[in-house]
Amino acid sequence: MASINDVVIKIATVNGTGSASANGLLRKAIFRMGIPVVGKNYFPSNIQGLPTWYEIRVTGAGYQSRANRLDVMVAMNAQTYTRDLADVSPGGWLIYDSTWPRSKLLDREDITVLGIPLSRMCNETFDGARARILMKNISYVGVIAALIDIDLDIVTQLIEETFADKSHLIDSNMQAIRLGFDYAMENFVCPLPKKVEALDKTKGHIVIDGNTAAGLGCMYAGATVGAWYPITPSTSLMDAFQAFCSEYRIDAETGKHTYCIIQAEDELAAIGMVLGANWNGARAFTSTSGPGISLMSEFIGFAYYAEIPAVIFNVQRTGPSTGMPTRTQQADILSCAYASHGDTKHVLLFPADPYECFGTAVAAFDLAERLQTPIMVLSDLDIGMNDWMVPEFAWDENYVPDRGKVLSAQDLEEAESFYRYLDVDGDGIPYRSLPGTHPKGSYFTRGSGHTKLGAYTEDADEYQEVVDRLLVKWETARDILPEPDIEYSKSNKAAILTIGSGHAACREALDRLKEQDVNLNYCRIKAFPIHKSAREFMEKHDVVYVVEQNRDAQLRALLILDAEADPKKLVPVLHYNGNPIYSDFIVEKALEEISKGQAA
Amino acid sequence: MTYIQKPSITHPGLPKNTLGLTARDYEGTVSTLCAGCGHDSVTAAIIQAVFELNIEPHMLAKMSGIGCSSKTPAYFVSEAHGFNSVHGRMPSVTTGANAANRALTYIGVSGDGDSLSIGVGQFVHAIRRNLNMCYVLENNGVYGLTKGQFSASADIGSKPKKGEANQQEPIDPVSTALSLGATFIARSFSGDKEQLVPLIKGALMHNGFALVDVISPCVTFNDHVGSTKSYAHTREFYHHVVDIDFVPPAEEIKAAYEDGEAMTIELHGGSKIVLRKVDKSYDPTSRASAFKYLREHFNAGEIITGLLYIDESRKEMHDLMGNIDTPLSQLPLDTLHPGADELKNILKRYT
Chain A
1 MASINDVVIK IATVNGTGSA SANGLLRKAI FRMGIPVVGK NYFPSNIQGL
51 PTWYEIRVTG AGYQSRANRL DVMVAMNAQT YTRDLADVSP GGWLIYDSTW
101 PRSKLLDRED ITVLGIPLSR MCNETFDGAR ARILMKNISY VGVIAALIDI
151 DLDIVTQLIE ETFADKSHLI DSNMQAIRLG FDYAMENFVC PLPKKVEALD
201 KTKGHIVIDG NTAAGLGCMY AGATVGAWYP ITPSTSLMDA FQAFCSEYRI
251 DAETGKHTYC IIQAEDELAA IGMVLGANWN GARAFTSTSG PGISLMSEFI
301 GFAYYAEIPA VIFNVQRTGP STGMPTRTQQ ADILSCAYAS HGDTKHVLLF
351 PADPYECFGT AVAAFDLAER LQTPIMVLSD LDIGMNDWMV PEFAWDENYV
401 PDRGKVLSAQ DLEEAESFYR YLDVDGDGIP YRSLPGTHPK GSYFTRGSGH
451 TKLGAYTEDA DEYQEVVDRL LVKWETARDI LPEPDIEYSK SNKAAILTIG
501 SGHAACREAL DRLKEQDVNL NYCRIKAFPI HKSAREFMEK HDVVYVVEQN
551 RDAQLRALLI LDAEADPKKL VPVLHYNGNP IYSDFIVEKA LEEISKGQAA
Chain B
1 MTYIQKPSIT HPGLPKNTLG LTARDYEGTV STLCAGCGHD SVTAAIIQAV
51 FELNIEPHML AKMSGIGCSS KTPAYFVSEA HGFNSVHGRM PSVTTGANAA
101 NRALTYIGVS GDGDSLSIGV GQFVHAIRRN LNMCYVLENN GVYGLTKGQF
151 SASADIGSKP KKGEANQQEP IDPVSTALSL GATFIARSFS GDKEQLVPLI
201 KGALMHNGFA LVDVISPCVT FNDHVGSTKS YAHTREFYHH VVDIDFVPPA
251 EEIKAAYEDG EAMTIELHGG SKIVLRKVDK SYDPTSRASA FKYLREHFNA
301 GEIITGLLYI DESRKEMHDL MGNIDTPLSQ LPLDTLHPGA DELKNILKRY
351 T
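In order, the protein sequences belong to chains A and B.
Residue numbering for the first sequence is 1 to 600, as defined by the numbering used here.
Residue numbering for the second sequence is 1 to 351, as defined by the numbering used here.
Listed below in structure tokens is the structure:
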């Protein structure tokens, strides 16, 4: 089917062969043509030698989620030919390296297989094994450019920018791109019926991954201490913070760091460091994934009870246990919401894309200090490690950080008395003092039973008074957290509700359903505890499709537990195989449920 | 002993330090440990050390984990901030606290269960980072709060009150710290305040990780005949090898020392310690010979005490990282990012 600016290209390569730069080049060239584009990685938990895929979705409409369709497969990895062939949607194309012809293996009547002898051409043109492999991967950029009509001038411009410091590489890279481009132009009918055409829809936008965005947000928020233990898929968040700090956090006078990043011995230590630093008045955070949260849980409970601010990024991956470390899921919702033993519950924030990762990072530090409690930012691999097209982030020069109720030396000097856990204002949030400020500010931080005056206790009433006051704080949190996004399309009684990265697929699904005259209302939860407007939203509907990416309908459970939603109304729509959710999945489930309802 | 209220009256003639405070001002709440517990003597030594060092109470951070030893920060320097964390995790909290504010003085109090079993990983890595702190390990070879199980520091052949003697190799904090490159390693005995106080003072003033392993007998569960961590056993088998005198900044060394016996080491803040070698063959600046000496005497059943190793040349955590001298927590947040215009430049990378 012919179409403009609606094409999905997937490139199958071997990890560790430099294909990431070729894929990035393709994605950037389309973006520079003004056409919305997103990129998703499907990669192994491995360093070199295993299959990896990059999927580029070009959508004039600007959709962000996975298409679950494949128009053009660039099969550069013979190991996965069979699978790659099967993945192509009917009517699509498969491009492969025909240096070694595979006409028997690559045979499907409903698609077009295009062979190009990339290896042979690169071997004839370039010297050295490593260069030949790298150039082969660059040469497919030329093939795609010819096939879908990417502006070659823009590709040239990007190559020149990339190798501004290594000009000798510009010619060789362009030569490789030309090899692919010219071969395709001479041997195939170019462009294909599915092609791109310049638009002006990318102005004011960037293409970025969520981990980079969050790392940048931490730098802007004024975080000075980052403590972490390496874990996929969160590592690139601290890496980004480190990179931004080494650029912008060197004291001009002394050349010394105004930040301290500690690679801890494990996640237990990482969170301990974050608590110690926040207790002492720094903005400190950690980034981790599900297994790290399991290890941090004891300290998270401590921070809840001793009321210490902390920011924890959980870039979720597929569980349980080690699970699939390089695949996505939203399966840590409950384990984060109620992390640690005893009566504990924690504030969660759910960014939906890299744009929100930046803003949510800043908000998380403000909320942690305002509420004096751990704030967990639940991102996931799809947001964190994939390339999303989002509006440029803005920084408000008038931003005033919320440091919460911290008493200064003067406040303490003038105060008649200071008790750390006394609810002076009735909002459940006591005042805190920082070590080293004033002798009158001293108190004893403990995870053992304590009175509202901060003293050790094993007295029933004194204990209960404090844990009850924490519930007052919980309700304060409910009111000040980011409110859900709610959209009413038409007055009707059915709706979709989701969180985080489910947003992109839900947005697209709502449009698809509308095309079929099915109008659903929409609610996206941005925080836990659940805001009262979400509760009202659920009350207004007869059926709410709760879209989330885990097996056990964890968001649905939270809605029932915390927002007292009627379980009968909440229909789970669950996608949890490790790949990001896509719109058709939601559309089909919704239509199926609707037809069931009509039949009943 | 909690039924006794502490009297609030202080003797007008009590000596004062340069801050005008008396030793009473460095006390805490009444101890709830058993009468005769070694830990209370260590607490008293800490109070004396901090008082004599003229440390402002609110500039001291008292850190601990879980266990009898970890309760003791409540019993000294009430005007200091205390952080009684979770079991075995005091070092990480102290690391983060120090990362945020390097201007405070950090004293961590831990025990042999807290440091050598559940928390051995954090103990080891705090040493590796050369975290600037005084780490007091109150070592009694036994779990008190859970009623008398052996800890990882129990010696082979040491007998519990009931049951079989321990057959597993003990983890010795001193030789562990030595092998890991700790920069100040001392061992003492809770019943030997004269030796302990200057060691704690040196440890507090040392610019890096300072371990003070204190044999601190548990009167309730490990003070019987057959225990190697009892008062009687410790008194019989312990030896001073290197004692120290602590000399505050700008003070002259007054004591007279015999030739070849004394060795002066200048600490980071300008104070000095004079090492007095009881055994002249011992070299507290050589890791290899210290290790050999300790092993040989350990095998002979002796408990070697004093300042066993010191290296003032190695950088502590912040200096290793090249961090600014100003405490990070005191940097104004609006100076920590490059602003709205530069954000636009940064974002150009993603177009």
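All C-beta atoms in this analysis are idealised placements derived from N, C-alpha and C, irrespective of residue type, glycine included.
- As for any alpha helix (DSSP H) of minimum length 4 sitting wholly inside the stretch 11 to 60 of chain A, the runs are 19 to 32, ordered along the chain.
- Counted as a single uninterrupted DSSP element, the alpha helix (DSSP H) harbouring M205/B occupies residues K193 to M205.
- For W279/A, there is no enclosing beta strand (DSSP E); the enclosing alpha helix (DSSP H) covers residues E267 to W279.
- The C-beta of K345/A has 16 or more other C-beta atoms within 10 Å across all chains shown, which makes the residue buried.
- DSSP places L104/B in the coil class of the three-state scheme, outside both helix and strand.
- Any Cβ of chain B closer than 8 Å to the Cβ of H257/A would place that residue at the interface, and such an atom is present.
- Taking 7 Å as the cut-off between beta carbons, the residues of the stretch 100 to 114 of chain B near chain A are A100, N101, A103 and L104, in sequence order.
- A residue is called buried when at least 16 other Cβ atoms come within 10 angstroms of its Cβ; S65/A meets this threshold and is buried.
- Under the Cβ distance rule, E414/A does not count among the residues neighbouring chain B, no pair being separated by less than 8 Å.
- Within chain A, the residues placing a beta-carbon under 7 Å from that of Y350/B are I206, V207 and I208, ordered along the chain.
- For N492/A, the secondary structure class from DSSP, reduced to helix, strand or coil, is coil.
- Non-local beta-carbon contacts of Q330/A in its own chain, meaning distances under 8 Å to residues more than five positions away in sequence, involve Q316, L378, D380, I499, G500, S501, G502, E548, Q549, N550, Q554 and L555 in chain order.
- For the set L204/B, V142/B and Q195/B, the Cα lying nearest the Cα of L60/B is the one of L204/B.
- Taking the C-beta atoms as reference points, M133/B is found no nearer than 8 Å to G111/B.
- By the CB criterion at 8 Å, Y309/B and P284/B fall inside the cutoff.
- Going by C-alpha positions, T94/B is about 21 Å away from L53/B.
- In the DSSP assignment, R187/B falls within the unbroken beta strand (DSSP E) covering F184 to F189.
- R130/A counts as exposed, since fewer than 16 other beta carbons sit within 10 angstroms of its beta carbon.
- With the criterion set as a beta carbon lying under 9 Å from some beta carbon of chain B, the members of the stretch 410 to 444 of chain A are S433, L434, P435, G436, T437, H438, P439, K440, G441, S442, Y443 and F444, in sequence order.
- Contact between the stretch 188 to 204 of chain B and the stretch 111 to 124 of chain B is absent: fewer than three C-beta pairs spanning the two stretches fall below 8 Å.
- Assignment of D485/A by DSSP, reduced to helix, strand and coil, places it in the strand class.
- Taking CB atoms only, R27/A has no neighbour in chain B less than 8 Å away.
- Rounded to the nearest whole angstrom, the C-alpha separation of S3/A and M273/A is 54 Å.
- Here V225/A is near A284/A, since their CB atoms are less than 8 Å apart.
- The DSSP assignment places 231 to 237 as complete runs of the alpha helix (DSSP H) inside the stretch 223 to 268 of chain B, in order along the chain (cut-off: 4 residues).
- Nearest to T286/A by alpha-carbon distance, out of E247/A, T326/A, D239/A and R327/A, is D239/A.
- Assigned with DSSP and collapsed to three states, W100/A falls in coil, not helix or strand.
- Residues of the stretch 396 to 409 of chain A with a C-beta less than 9 Å from any C-beta of chain B: D396, E397, Y399, V400, P401 and R403, listed in chain order.
- Counting along the chain, the unbroken beta strand (DSSP E) around G226/A starts and ends at V225 to W228.
- According to the DSSP assignment, E548/A belongs to the beta strand (DSSP E) that extends over V543 to E548.
- M76/A and G39/A have their C-alpha atoms some 18 Å from each other.
- Within the stretch 292 to 322 of chain A, those residues whose Cβ lies closer than 7 Å to any Cβ of chain B are, in chain order, E298, F299 and F302.
- For R249/A, the C-beta contacts it makes with chain B under 8 Å involve L336, in order along the chain.
- Around the beta carbon of H58/B, 16 or more other beta carbons lie within 10 angstroms, which makes this residue buried.
- Interface residue (Cβ-Cβ distance to chain A less than 8 Å): F83/B is classified as such.
- In this structure, the CA atom of I35/A is about 25 Å from the CA atom of F43/A.
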